[in-house]
Amino acid sequence: MQNQLETTEEEECVLRPMNCELNQLSRPDGSAMFMQGDTVVVAGVYGPIEAKLQKMMHDRATVETMFSPAKGPPCVDDRAKETVIRETCEAVLLTALHPGMAISINVQELQDSGGLLACAINAACLALIISSISMKFTVAAVSCMIDRESGKLIVDPDSTQIQQARVTFTYVFEGIKKDLVSCHTTGRFSENELMESLEKCRAASQNIFDFYRNIVEQYAIKL
Amino acid sequence: MANTLLSLAEKTFIVHGVDDNYRTDGRNRSEYRPMEVETKVLPHTSGSARLRLANTDILVGVKAEVDTPYPDNPNEGKLEFFVDCSANATPAFEGKGGDNLGTEISNTLTLAYQSSHVLDLTTLCILPQQKCWKLYVDVLILQCDGNLFDAVALAVKAALYSAQIPKVTTATLDGGKADIQLSDDPFDCVKLDVGSFPVLVTLCKNFTFIQIGENCVVDPTSEEEECSAASIVVAVMPNGRITSVVKTGYGSLQPSTLVKTLELAKDIGIKLNAGIMNALKEEDELGSQREIFGFLK
Amino acid sequence: MPFDQKRINGPEVSVPYSVYTDVNKSKSSKPKKSLHKRVDGREHKDLRKIFVKTGVISQAKGSAYIEVGITKVVCSVFDPREIPNKNEYSLQGELFCEFKYAPFACAKRRIHQQDAEEKEFSLVMQRSLEPAVCRQEFPNFQVDVYALVLDNGGSSLAAAIMCASLALADASVPMFGLVTAVSAGFYKDTMFLDLTVEEEVLCNSAPAKPNPPNNHGLIMQAALPQHDQISEFFLVGSINIDCIKQAIETLTVANKNICPVVQQCLVKTVLRALKRKEQEKN
Amino acid sequence: MSGQDLVSDQGLRVDGRRANELRQIRVRMGVFGQSDGSAYLEQGNTKVLAAVYGPHQPRGGGRGGNRSGTGIINCQYSMAVFSFSAGERKKRPRGDRKTQETSLQLRRAIEAIVQVELYPRSQIDVFVEVLQSDGSDYCAAVNAATLALIDAGIPIKDYSVGCTATIASMGASEEVDSKDETGSGTGIVDANHMEECTGATTLTVVALPGAPGSNYESDTDNSGLVVVAQGTGARLHLSRLEGLRQRALQGCRDTRVILDQAVRFHLTTHDPHFI
Amino acid sequence: MASQYKTIHPVKYLRDYLAQDIRPDGREFLRFRSASVNVGAISQADSSAIFKIGSTTVVCGIKAELAAPKADTPNCGYLIPNVELSPLCSPKFRPGPPSDQAQVASKTIDDILINSSALDLTDLCVCIDKLVWVLYCDLICIDYDGSVTDACLGALVAALKSLTLPEVQHNPETGAIVVDTSDRKPFPLKSLPVSTTFAIFDEQLLLADPTDEEESLAKGKLCLVIDGPELCGLYKPGGIPISQELLSKSLEKSKKRADLIRKVIEAAVTN
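Residue numbers (UniProt numbering), protein chains in the order written: chain A, 1 to 223; chain B, 1 to 297; chain C, 1 to 282; chain D, 1 to 275; chain E, 1 to 271.
Structural data, given as structure tokens:
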């Protein structure tokens with residue numbers, strides 16, 4: 001099955017074209033391959049499954065995340081990404097519904113051309129939707145940067161643009177009130193720059209939520 | 001070592017026996033069990049020895065390799081001990097089961113050989129800062145019947161005695177790079193001076209729940225080890241100097257007992273050193289054509 | 001340095017700058033000086049000043065901090081937990097000790113993993129403390145003791161043992177008595193008590209003339225001074241038996257002398273705990 | 001030495017053997033007093049010690065023990081750090097991939113001969129230590145383990161015997177030479193370390209050769225069954241496999257005769273109640 | 001009684017306090033614990049600092065070594081910060097390789113240092129393409145009672161600020177190196193980033209400088225790094241969503257806190 005939907009030019013949208021394939025993997029309970037421009041990530045969700053004895057929590061489900069980089073064994077950087085993905089998914093899931101269980105989310109980077117963390121979170125969110133585990137809300141992650149020379153704000157930059165970045169931001173918004181769920185930054189920035197980028201990304205996140213809606217609808221129809 | 005399970009009554013029996021200077025196998029407190037030693041059992045190593053002390057069975061192989069010295073000690077060679085507890089001795093050693101015991105014994109050996117009075121590591125240096133010998137002393141414990149420390153140390157001494165390090169014919173520095181050549185003749189080699197190598201003497205203080213006297217036994221069997229709360233492992237050089245003392249076990253000792261124990265250890269250590277050297281010399285006299293039995297006897 | 005996936009890694013090879021300084025040359029003059037008078041002005045049998053404090057780590061069940069000269073050690077003890085990876089029932093509880101130098105604690109940078117020396121010291125610590133702990137009180141359980149040397153000014157093993165015994169007491173682990181420990185070193189015929197790092201290095205190296213053999217070596221004696229028992233005796237070097245006898249005597253006295261300092265600290269701890277209890281009541 | 005000349009024009013190998021000649025096998029059973037069974041085996045310069053413990057209650061209650069109706073065979077193959085003949089020293093005696101795989105293969109070989117159904121809820125430990133390695137280590141390990149099992153008095157169906165057959169690799173296009181005139185296959189048996197290192201193809205076979213005289217080809221009989229077969233080295237044309245197999249099986253049968261003699265000798269000299 | 005209640009029902013215990021507009025240690029919601037720093041206590045390190053926030057304690061020791069630079073950055077030195085959350089500091093940690101938490105903390109500290117551009121790695125260069133300084137900064141947590149990132153960064157910055165490096169004579173032709181330990185120069189630190197941690201509870205409740213107990217029960221965590229008028233890090237790894245007002249409020253609070261911490265560090269270093 002292949003679902004395709006590209007954001008149109010007229011929206012003057014700022015996001016790179018998105019593309020997604022749902023439930024391509026047979027083993028996981030839900031999986032998604034998500035592409036933003038040339039950045040590609042696969043996410044698979046297992047769960048709720050029985051938790052390991054040491055990690056079991058009596059009042060809620062444990063959320064485990066594995067982030068595997070495209071090459072080589074995971075190192076400290078990947079561990080940091082993994083933590084952001086895990087904590088974001090933990091906020092998304094209604095973990096109290098599955099006490100003593102575990103939900104395992106595996107994210108595999110296939111190609112990184114900028115905005116890898118955002119792409120990984122979006123892929124994980126789609127995989128969760130498809131796996132039909134109860135969620136509080138959906139989330140959308142948007143990255144943006146400020147150009148070193150022009151000081152221009154660019155939403156969803158690709159890897160060549162990022163080379164020129166002074167600052168990069170990655171924001172994760174929830175789908176209801178568009179409140180901030182996660183945030184990760186690099187570089188120095190002023191308060192105004194922070195607020196400005198936050199607003200722009202918040203607006204852009206709507207595109208991703210729309211994309212979710214469309215793609216899941218198509219998927220449901222095909223089913 | 002294999003499955004030594006003793007009841008309180010059995011332990012009391014052993015301890016009372018020790019008190020009367022009469023042990024379960026008929027020995028007195030300061031007597032060793034019979035020992036057998038054979039060197040050069042592994043022809044492919046630089047030196048080797050197999051030692052049996054009652055049922056305790058130890059095989060030691062020594063290998064010499066050319067290495068670069070540590071930057072902090074550029075004039076010294078290296079000596080490394082590795083003790084592997086084979087699962088053949090007891091199923092408890094399977095996998096990583098014997099690692100702790102192995103590390104404990106190899107650490108004790110390292111301490112005993114640490115002083116430069118024992119082995120002057122500078123003699124193992126070929127070219128300062130460039131090349132030196134590294135001696136790997138690898139111990140394989142094939143069977144344990146108590147008193148591993150003493151048996152291992154004796155076997156190590158025997159193996160080092162038999163060790164032959166190839167002679168270095170040329171050692172030159174060529175533009176910062178070392179160039180060394182080893183002698184082609186396998187009989188043209190250097191032997192180590194084991195004259196000051198220590199042996200370990202384990203003195204086992206036996207008491208169960210009630211402490212009895214201050215008697216200690218040498219060469220404990222595994223049953224006796226089971227009844228002991230504390231043992232003192234003393235490394236004694238042939239001249240009676242002590243190069244390391246390590247306490248094992250959970251018990252404690254009175255200062256006066258400790259002093260007595262150390263004195264006893266010194267006396268026994270001197271005798272033990274003489275004994276092993278005698279045995280090795282005797283073996284030497286059999287000449288290079290002697291038959292090597294290894295495990296076939 | 002081997003690449004570690006779980007840490008931030010530096011270059012493969014790096015050299016401490018002390019290698020390139022000229023200090024090494026002046027080393028030879030040192031032994032003579034310290035044989036008569038020690039660098040810090042102490043007599044040969046003098047101990048350094050000791051500062052001890054308990055309850056320094058809020059998250060631990062019991063903890064202690066000790067300063068001996070510039071040597072600084074912290075130690076923490078946690079609630080008993082079931083012995084991991086053990087199937088049979090063990091009648092006696094176990095003590096798990098971990099001795100670690102902070103990477104920056106010694107003149108030469110240490111790696112994060114425990115090296116052979118630290119593992120050996122962990123075992124020595126365990127053997128020193130075991131006779132003092134009533135292990136039959138917590139069968140099938142294990143008490144974890146962690147000691148970290150922040151600054152090594154010599155005799156850090158002895159300091160760690162004392163610190164651990166205080167931390168155990170602070171954690172209300174039942175004990176027969178306090179453990180104290182003192183180190184001594186021999187160089188030729190001189191015996192030093194409570195060594196500094198320089199003295200440790202000196203005593204570890206053999207004197208130049210081996211014939212007739214001169215003494216050299218380090219001794220660490222841990223004791224339960226209240227019961228007149230030696231709980232651990234750790235010797236490395238090459239020393240004749242008469243000198244060892246002399247050392248045991250001196251160390252036993254030194255251990256007895258330290259005991260009141262440690263006891264004082266415990267009294268304070270108990271008073272503090274009582275006060276806190278009273279406050280809670282009100 | 002290139003792969004081509006494992007056997008010289010005179011029909012001799014590097015160590016002077018004929019192609020189908022085994023190395024000298026020397027055996028001593030019952031070397032250890034504390035284990036339930038033990039054996040020491042030398043195959044040329046390959047020296048192996050094996051010990052058997054059990055049958056006993058399974059250890060490691062944490063893993064739930066053994067509640068099944070048959071016994072478990074637990075094997076560990078380990079190589080002493082000084083075992084390599086050629087200069088270098090092994091880093092760890094066991095735990096690396098190669099020894100772990102060999103442990104597993106050893107278990108397969110032992111499971112084939114022990115009547116595990118006789119020992120419900122029990123475990124038999126077989127530990128093998130290689131003291132000196134000079135080729136065909138695994139086969140020596142299997143042979144020693146079999147002897148240790150016999151020494152432990154554990155009923156077995158047959159000797160589990162290992163043997164290798166090695167053949168020099170040739171170009172794929174080369175015409176396959178027909179079977180040896182003797183009909184006992186092609187290649188050399190019981191390769192030593194030097195021969196193993198030539199890059200030739202080695203077929204390792206563990207078989208139950210059956211008592212001499214029994215017809216190994218007949219399917220009604222268990223004898224001649226191959227339990228473990230493993231090929232290493234360069235690729236081999238399929239048509240040459242049969243010849244290699246034959247040669248290895250012949251090696252197994254020869255080895256069995258020697259082992260059997262050793263066992264009988266051991267029992268008659270050490271156990272007066274025998275016969 | 002209170003301690004039993006706390007053990008049996010930790011969540012409710014905390015909630016009862018928060019309902020009374022107070023925290024278990026007697027602080028108001030947006031009040032920070034007192035912070036203190038002690039510089040140069042460790043004699044064997046090239047520079048060191050002990051940073052305490054309440055009972056959270058982190059020791060930083062810096063060891064300088066010499067090495068060859070990376071080929072792609074021949075004029076840059078190395079700064080290697082590693083956070084060690086040893087089992088000594090809390091029963092949460094077990095012996096063995098660093099936990100995920102420790103790895104993330106190391107990464108965060110490394111990121112902040114790079115982002116803030118507080119130090120110029122070219123200052124660590126002795127001879128281009130040949131020899132540079134490596135600063136091994138080991139951060140060891142002694143007492144783990146919440147806001148450990150703040151304490152780690154504080155300790156690291158204080159230690160860097162008091163760091164002096166000996167003069168190195170490098171002869172590029174012979175490769176000979178002479179180090180003169182008597183002539184030590186202070187290491188230039190361009191700015192002084194300060195991080196502040198907040199815990200977020202239900203209904204957009206913000207707690208400044210949470211303890212370990214609060215941190216483990218919180219619904220989210222927010223970490224702001226302030227450097228002068230600018231920010232150099234905003235980290236919120238998941239947790240419950242926060243509104244714009246909450247973000248502004250925490251920003252304001254953390255600016256004030258940063259000024260205070262900066263003064264504390266500067267005072268300690270100049271002494």
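Beta carbons: idealized from backbone N, C-alpha and C, even for Gly.
Not a single C-beta of chain D is nearer than 8 Å to the C-beta of residue 120(B).
Nearest CB-CB separation between residue 7(C) and chain A: below the 8 Å threshold.
In the DSSP assignment, residue 270(C) falls within the unbroken alpha helix (DSSP H) covering 241-281. 73, 74, 75, 76, 79: these are the residues of the segment 67-82 of chain A whose beta carbon lies less than 8 Å from some beta carbon of chain C, given in chain order. With its beta carbon less than 8 Å from one in chain A, residue 104(E) belongs to the interface.
Between residue 184(A) and chain E, the shortest Cβ-Cβ separation is below 8 Å.
For residue 121(A), the uninterrupted alpha helix (DSSP H) segment begins and ends at 116-130. The Cβ atoms of residue 185(E) and residue 165(E) sit closer than 8 Å to each other. Taking CB atoms only, residue 238(C) has a neighbour in chain B less than 8 Å away. Residue 11(D) and residue 140(D) have their C-alpha atoms roughly 25 Å apart. Closest by C-alpha distance to residue 256(B), out of 283(B), 274(B), 215(B), 270(B), is 215(B). With a beta-carbon spacing of about 25 Å, residue 95(C) and residue 184(C) fall beyond the 8 Å limit used to define contacts. Per DSSP, the continuous beta strand (DSSP E) segment holding residue 163(D) begins and ends at 161-167. Between residue 205(A) and the set 189(A), 138(A), 167(A), the nearest pair of CA atoms involves 138(A). With respect to the C-alpha of residue 38(E), the residue from 103(E), 159(E), 100(E), 26(E) having the closest C-alpha is 159(E). The alpha carbon of residue 181(E) has as its nearest neighbour, out of 19(C), 80(C), 149(C), the alpha carbon of 19(C). Within chain A, 87, 88, 90, 91, 181, 182 have C-beta atoms less than 9 Å from the C-beta of residue 239(E), given in sequence order.
For residue 68(A), the enclosing beta strand (DSSP E) has its first and last residue at 62-68. Residues of chain B whose Cβ lies closer than 7 Å to the Cβ of residue 267(D) do not exist; the shortest such Cβ separation is about 17 Å.
In terms of CA proximity to residue 195(C), 181(C) leads the group 253(C), 207(C), 181(C). Under the Cβ criterion (8 Å, minimum of three pairs), the segment 69-79 of chain B does not count as touching the segment 106-124 of chain D. Here residue 2(E) is exposed. Its C-beta has fewer than 16 other C-beta atoms within 10 Å. In this structure, the CA atom of residue 79(B) is about 19 Å from the CA atom of residue 118(C). Close CB contacts of residue 231(C) within its chain, under the 8 Å cut and outside five residues either way in sequence, are with 127, 128, 129, 130, 131, 132, 179, 222, 223, 224 (chain order). Under DSSP, residue 184(A) takes part in a beta bridge, and its partners are 170(A). When secondary structure is reduced to three states using DSSP, residue 110(E) falls in the helix class. Note: residue 217(B) is bridge-paired with 204(B) in the DSSP secondary-structure output. The C-beta of residue 160(E) comes no closer than 8 Å to any C-beta of chain C. In the three-state DSSP reduction, residue 47(E) falls in the strand class (E or B). Here the C-alpha atom of residue 60(E) lies approximately 34 Å from the C-alpha atom of residue 56(A).
If you look at residue 222(E), you'll find it in the beta strand (DSSP E) that goes 220-227. Annotation for residue 101(E): 85 place their beta carbon closer than 7 Å to its own, counting only its chain and skipping 5 residues before and after. By the Cβ-count criterion, residue 286(B) is exposed, with fewer than 16 other Cβ atoms from all chains shown falling within 10 Å of its own Cβ. Proximity of residue 143(C) to chain E, defined by a Cβ-Cβ separation below 8 Å, is not satisfied.
Relative to residue 104(C), the option among 73(C), 198(C), 39(C), 199(C) whose CA is nearest is 73(C). Neighbours of residue 161(B) across chain D, judged by C-beta separation under 7 Å, do not exist; the nearest C-beta is about 17 Å away.
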